[in-house]
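A.B. asks: The structure that follows is given in the form of structure tokens.
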Amino acid sequence: MELFSADAKWYDLLLPFLFAGTLILTWLNGRKASILISIVNRWLRWFTFSLFAAYISFYAEWFEKPFWVLFSIFFLFWFLCETIFHWVSIGALSKSTYPLFPNFVENPKGEEWPAQKRFLSIRRWLKDNKFNSVCTLKAELIPQIQLRMHVFQSEDEKIRIQLLFIPQRSGAVSLCFTILSQTVDGSRFVTDNMYLPFGGFYPENWYLDRRPLNRSLPRMYRNHLRRIENTKEVFVPWEENPVEDANDQKTILERVNTEMGFLNPIAIRDEYGKISWEGRYRVWKEIWMLNYFGKAFSY
């Protein structure tokens, strides 16, 4: 049987399952805040919309086109609509007063762990591997939505782990890990699984390995150890306070991205926005790569 044959009746059976699948995955992701589930659900929504729109158009005889042509048209139409939506969102962010690089301050409430098994298992792993809590930070992403960060260090203080708790619209919380080591000359080896689109540039002395689909802290930690063991660099203990370090790096990132053309010069930001047109394209591209393939730029 041809996939898009004109007399195929399997659409009648397939479409209800596709709709049910999108609803189930949406509900499940609202509870789990899983990157992998989000990616599968986006592809399923895209395919379901294209198939349903083509199905209605074909049997209503709105267009005298083969079914596969209608499916392709609506598939591209979804891509166009998402592209317009992302460009408008990026433009709004560029013109807004929201900071691109959040300013972190110490969290007076101390450690706050969601009461879920997956988060508590990470807490136990840190304790079992002798990582000590250094401090907890918070930053306002947008009004009423705060990022929370817990910072831990190894016994020799040469490895720092940042746990970033990111609230979702569904009320669930997702967690990203950043593992850092610093060399004697100030270079940084960074291993993380951040999935938030950035698209910008990092300093030349930052060696970043970003794997958004790796949601296991133990596996990421092993990857980081292999990276630093395979270099001839001399690593030193972390001495700078995490709050000062986070905000110092924010200043460096703003300077580097302005110099590289990702951000507009400060003098013209009120008129043209913070992010340049080249920067907006890079953000749009990374949004697509992360949303549908779980991959970030090769920084």
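Under the numbering used here, the first residue of the sequence shown is numbered 590, with each subsequent residue one higher. Beta carbons: idealized from backbone N, C-alpha and C, even for Gly.
Could you spell out the range, first to last residue, of the alpha helix (DSSP H) harbouring Val823?
C.D. replies: Taken as a continuous stretch (DSSP letters only), Val823 belongs to no alpha helix (DSSP H), as it is neither H nor E.
A.B. asks: Using 10 angstroms around the beta-carbon of Tyr648, count the other beta-carbons present and answer buried if the total reaches 16, otherwise exposed.
C.D. replies: It counts as exposed.
A.B. asks: What does DSSP give as the partner residue(s) for Met878 in the beta ladder?
C.D. replies: Beta-bridge pairing links Met878 to no other residue.
A.B. asks: Are Gly868 and Gly680 close, meaning C-beta to C-beta below 8 Å?
C.D. replies: No, these two residues do not count as a Cβ contact at 8 Å.
A.B. asks: Between Gln735 and the rest of its own chain, which residues show a CB-CB distance below 6 Å, the 5 nearest in sequence each way excluded?
C.D. replies: Lys727, Glu729, listed in sequence order.
A.B. asks: Which residues in the same chain have their Cβ closer than 6 Å to the Cβ of Val740, if we skip the five residues on either side of it in sequence?
C.D. replies: Same-chain partners within the cutoff: Val723, Cys724, Gln751, Pro831.
A.B. asks: Drop a sphere of 10 angstroms on the beta-carbon of Ala704, count the other beta-carbons inside from all chains shown, and report buried for 16 or more, exposed for fewer.
C.D. replies: Answer is exposed; the Cβ neighbour count stays below 16.
A.B. asks: Where does Val845 fall in DSSP's three states?
C.D. replies: The answer is helix: DSSP assigns Val845 an H, G or I state.
A.B. asks: For Asp717, report the span of its alpha helix (DSSP H) as first-last.
C.D. replies: Looking at the DSSP string, the run of the alpha helix (DSSP H) that includes Asp717 is 706-717.
A.B. asks: So, helix, strand or coil for Ala642, using DSSP?
C.D. replies: Three-state result, Ala642: helix.
A.B. asks: Enumerate, from N- to C-terminal direction, the unbroken alpha helix (DSSP H) stretches of 4 or more residues contained entirely within the region 668-693.
C.D. replies: With a minimum length of 4 residues, no continuous alpha helix (DSSP H) run stays inside the region 668-693.
A.B. asks: List the residues that DSSP assigns as beta-bridge partners of Arg777.
C.D. replies: Paired residues: Gln771, Trp795.
A.B. asks: CA-CA distance, Phe663 and Lys747?
C.D. replies: Looking at the two C-alpha atoms, the distance is approximately 53 Å.
A.B. asks: DSSP has Val740 in a bridge; who is on the other side?
C.D. replies: Beta-bridge pairing links Val740 to Cys724, Gln751.
A.B. asks: Thinking C-alpha only, which one of Leu659, Asp837, Glu653, Pro807 is nearest Arg713?
C.D. replies: Of the candidates Leu659, Asp837, Glu653, Pro807, the one whose C-alpha sits nearest the C-alpha of Arg713 is Pro807.
A.B. asks: How many angstroms separate the CA atom of Val872 from the CA atom of Pro792?
C.D. replies: The straight-line gap from Cα to Cα measures roughly 18 Å.
A.B. asks: Can you give me the start and stop residues for the alpha helix (DSSP H) that Asp859 sits inside?
C.D. replies: Per DSSP, Asp859 belongs to the alpha helix (DSSP H) from 858-861.
A.B. asks: What do you get for Asp781, buried or exposed, if any count of 16 or more other CB atoms within 10 angstroms of its CB means buried?
C.D. replies: Flag for Asp781 reads buried.
A.B. asks: Roughly how many whole angstroms lie between the Cα atoms of Leu753 and Asp717?
C.D. replies: Using only the alpha carbons, I get a separation of about 20 Å.
A.B. asks: When DSSP builds the beta bridges, which residues end up paired with Val762?
C.D. replies: Partner(s): Pro756.
A.B. asks: Please check the pair Ala835 and Phe666, which I expect to be a contact at CB under 8 Å, by giving their CB distance rounded to whole angstroms.
C.D. replies: So it is not a contact: roughly 42 Å between Cβ atoms.
A.B. asks: For Thr820, count neighbouring Cβ atoms within 10 angstroms of its own Cβ and tell me buried if that reaches 16, exposed if not.
C.D. replies: The residue in question, Thr820, is exposed, as its Cβ has fewer than 16 Cβ neighbours within 10 Å.
A.B. asks: Classify Glu889 as helix, strand or coil using the three-state DSSP reduction.
C.D. replies: The chain is shown only over 590 to 888; residue 889 falls outside these bounds and no answer can be derived.
A.B. asks: Helix or strand or just coil, what does DSSP make of Glu746?
C.D. replies: DSSP places Glu746 in coil when its eight states are reduced to three.
A.B. asks: So, with DSSP's three-state summary, where would you put Gln735?
C.D. replies: The answer is strand: DSSP assigns Gln735 an E or B state.
A.B. asks: Just the Cα atoms here: how many angstroms apart are Leu797 and Ser683?
C.D. replies: Between Leu797 and Ser683, the C-alpha separation is close to 25 Å.
A.B. asks: Taking the C-alpha atoms as reference points, what is the distance between Arg631 and Gly610?
C.D. replies: Roughly 11 Å between the two C-alpha positions.
A.B. asks: State whether the region 620-640 contacts the region 757-767, with contact taken as three or more CB pairs (one from each stretch) at a distance under 8 Å.
C.D. replies: They touch, by the three-pair rule.
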